[in-house]
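Structure first, then comments.
In my numbering, the protein residues as written are 52 to 357.
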């Protein structure tokens with residue numbers, strides 16, 4: 052299949068025709084998939100260390116899409132391959148490790164909540180580097196969403212809040228990288244096939260992750276540690292659904308809509324993440340529900356902004 056590039060025109064951030072129904076479907080599906088990823092990370096960490104989990108996640112995701120990467124490798128121009136590799140590095144490889152390290156101490160539900168900051172950094176990076184238009188209503192929606200996030204994070208006890216802030220910094224760094232990757236996909240890789248982009252992005256970082264595995268005890272654990280294969284199953288599901296399939300859907304969503312709409316999935320996924328956390332025994336309080344409602348209000352405003 053020949054990969055065609057889009058005409059060199061400025062991306063339209065607010066199409067007059069409105070957001071198509073299929074985009075809303077993808078947005079909800081992504082929220083469910085990615086909201087589940089945090090509990091899968093938690094389960095994988097029961098056996099593997101954070102760096103082992105991050106490397107396994109990227110390696111398995113790369114293998115899952117490898118046939119598509121090999122098929123499209125020679126069909127993409129060199130100038131696009133560089134941006135795809137950079138997107139894979141900041142949008143997949145590094146965040147996979149950062150989230151794993153964060154969840155060694157941070158509850159999976161709260162990690163999912165912090166991930167909603169992606170929308171804020173998408174807006175900021177888009178405005179600074181890609182001339183994305185900012186309106187007062189968009190900013191208001193982002194701020195409301197962040198307020199909801201703050202309610203979820205900073206309403207606990209002082210010790211809990213301190214721990215959350217410390218390990219939450221790792222998630223914040225990851226969300227900055229997500230915001231950069233999202234803008235690269237939208238503004239530098241417009242018109243490229245979503246599956247080709249996702250597979251090549253993972254192909255560009257997969258060998259690094261696989262090579263790193265040989266410096267760890269991951270293979271030894273698989274051979275001798277009880278429960279290691281079950282933990283690997285969680286990581287494999289994380290790699291296939293959240294990283295590989297999720298990345299394809301996300302790339303598609305970015306090109307169908309706006310960067311802000313695509314990043315608003317990171318507002319919805321905290322709800323899913325928190326619910327999974329509750330099912331796994333994590334405590335949810337009244338302020339969690341209040342925060343989720345505020346987040347949903349922010350999502351609505353952002354996506355109604357013109």
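Yeah, the Cβ is synthetic: ideal placement off N, Cα and C, and Gly gets one too.
*asked:* Report the CB separation of residue 257 from residue 113 in whole angstroms; it is logged as a contact under 8 Å.
replied: What you label residue 257 is simply residue 206 of the chain shown in a count that begins at 1. What you label residue 113 is simply residue 62 of the chain shown in a count that begins at 1. With a Cβ gap of about 3 Å, residue 257 and residue 113 count as contacting.
Enumerate in chain order the residues of its own chain whose CB-to-CB distance from residue 150 is below 7 Å, with the five nearest sequence positions on each side excluded.
Here residue 150 is taken as the residue at index 99 of the chain shown, counted from 1. Leaving aside the five residues that flank residue 150 on each side, the residues in its chain whose CB is nearer than 7 Å to its CB run, in chain order, 92, 162, 222, 225.
Q.
Under DSSP, the alpha helix (DSSP H) around residue 334 begins and ends at which residues?
A. By one-based count along the chain shown, residue 334 stands at place 283. In the DSSP assignment, residue 334 falls outside any alpha helix (DSSP H) and carries neither an H nor an E.
With a threshold of 8 Å (Cβ to nearest heavy atom), would residue 293 be considered close to the ligand HEM?
The model on display carries no ligand, and the ligand HEM is accordingly not part of it.
Check your understanding: In terms of alpha-carbon separation, which member of 318, 138, 100, 136 lies closest to residue 199?
Key -> Taking the chain shown and counting its residues from 1, one reaches residue 199 at position 148. If we check each option's Cα against that of residue 199, 318 comes out closest.
- Item | Rounded distance between the beta-carbons of residue 250 and residue 123, thought under 8 Å | The residue given as residue 123 occupies position 72 in the chain shown. The residue given as residue 250 occupies position 199 in the chain shown. With a Cβ gap of about 7 Å, residue 123 and residue 250 count as contacting.
Could you say which of 232, 247, 196 lies nearest to residue 119 if we only look at CA atoms?
For this step, residue 119 is matched to residue 68 along the chain shown. Nearest to residue 119 by C-alpha distance, out of 232, 247, 196, is 247.
| Helix, strand or coil: how does DSSP classify residue 267 here? | Locating residue 267 in the chain shown gives position 216, where the first residue counts as 1. Looking at residue 267 - three-state DSSP - the assignment turns out to be coil, as it is neither helix nor strand.
In the DSSP assignment, the alpha helix (DSSP H) including residue 314 goes from what residue to what residue?
As a position in the chain shown, residue 314 is number 263, starting the count at 1. In the DSSP assignment, residue 314 falls within the alpha helix (DSSP H) that extends over 310-314.
Alpha-carbon to alpha-carbon, residue 279 and residue 261
What you label residue 261 is simply residue 210 of the chain shown in a count that begins at 1. What you label residue 279 is simply residue 228 of the chain shown in a count that begins at 1. Going from the Cα of residue 261 to the Cα of residue 279 covers about 18 Å.
| What residues in its chain sit with their C-beta under 7 Å from that of residue 292, if we drop five residues either side in the sequence? | By 1-based counting over the chain shown, the position of residue 292 is 241. Setting aside the 5 residues that flank it on each side, residue 292 is surrounded in the same chain by 84, each with a C-beta closer than 7 Å to its C-beta; the list follows chain order.
Practice task
Whole angstroms is fine: what's the gap from residue 134's alpha carbon to residue 300's?
Solution key: Here residue 134 refers to the residue found at position 83 of the chain shown. Here residue 300 refers to the residue found at position 249 of the chain shown. Our two residues, residue 134 and residue 300, have alpha carbons roughly 19 Å apart in a direct line.
| said: Runs of 4 residues minimum, wholly inside the segment 79-165: which ones carry the alpha helix (DSSP H) assignment? | reply: Taking only runs of at least 4 residues, the alpha helix (DSSP H) segments lying wholly in the segment 79-165 are 101-123, 129-139, 145-153, 159-165.
Within 9 Å, strictly: CB atoms of residue 307 and residue 77 | Residue 307 sits at position 256 when you count from the first residue of the chain shown. Residue 77 sits at position 26 when you count from the first residue of the chain shown. Between residue 307 and residue 77, the C-beta gap is smaller than 9 Å, which places the two residues in contact.
message = Taking contact to mean 3 or more Cβ pairs, one atom from each stretch, closer than 8 Å, check whether the segment 97-116 and the segment 137-151 are in contact.
response = Three or more Cβ pairs closer than 8 Å define a contact, and the segment 97-116 meets that threshold against the segment 137-151.
Please report whether the beta-carbon of residue 246 lies at a distance below 9 Å from any beta-carbon of chain C. Of the chains in the structure shown, none is chain C; there is only one protein chain.
Handout entry: Close-in-space but distant-in-sequence residues of the same chain around residue 177 (CB under 6 Å, 5 per side omitted)
Key = Taking the chain shown and counting its residues from 1, one reaches residue 177 at position 126. 183, 234, 310, listed in sequence order.
- Assuming residue 342 and residue 192 make a contact with CB atoms under 8 Å, what is their CB distance in whole Å? What you label residue 342 is simply residue 291 of the chain shown in a count that begins at 1. What you label residue 192 is simply residue 141 of the chain shown in a count that begins at 1. Not confirmed; about 15 Å, so no contact.
Less than 9 Å between the C-beta atoms of residue 218 and residue 95, yes or no? For the purposes of this step, residue 218 is taken as the residue at position 167 of the chain shown. For the purposes of this step, residue 95 is taken as the residue at position 44 of the chain shown. No, the Cβ-Cβ distance between residue 218 and residue 95 is not below 9 Å.
Do you know how far the Cα of residue 97 is from the Cα of residue 346? Taking the chain shown and counting its residues from 1, one reaches residue 346 at position 295. Taking the chain shown and counting its residues from 1, one reaches residue 97 at position 46. In this structure, the straight-line span from the alpha carbon of residue 346 to that of residue 97 is close to 30 Å.
Exercise for the section: Go ahead and pull the three-state DSSP assignment for residue 244. Expected result: Position 193 of the chain shown, counting from 1, holds the residue named residue 244. In this structure, residue 244 counts as coil in the three-state DSSP scheme.
Next item on the list: For residue 189, name the three-state secondary structure that DSSP assigns.
Entry: Taking the chain shown and counting its residues from 1, the one referred to as residue 189 is at position 138. In the three-state DSSP reduction, residue 189 falls in the helix class (H, G or I).
Residue range of the alpha helix (DSSP H) that includes residue 283: Here residue 283 is taken as the residue at index 232 of the chain shown, counted from 1. 279-288 is the extent of the alpha helix (DSSP H) around residue 283.
Give the straight-line distance between the Cα atoms of residue 244 and residue 303, rounded to the nearest whole angstrom.
The sequence position of residue 244 within the chain shown is 193, counting from 1. The sequence position of residue 303 within the chain shown is 252, counting from 1. Each residue's alpha carbon lies about 8 Å from the other.
Check each candidate in 322, 259, 326 and name the one with the smallest Cα separation from residue 140. Your numbering for residue 140 matches position 89 in the chain shown. When only C-alpha atoms are compared, the closest one is 259.
task = Using three-state DSSP, classify residue 294 as helix, strand or coil.
result = Here residue 294 refers to the residue found at position 243 of the chain shown. The answer is helix: DSSP assigns residue 294 an H, G or I state.
- Helix, strand or coil: which one does DSSP assign to residue 273? Numbered from its first residue, the chain shown carries residue 273 at position 222. Note: residue 273 maps to helix in three-state DSSP.
Practice prompt. Would you identify the three-state DSSP class for residue 71, choosing helix, strand or coil?
Written response: The residue labelled residue 71 in the question sits at position 20 within the chain shown. Of the three classes helix, strand and coil, the one that applies to residue 71 here is coil, per DSSP.
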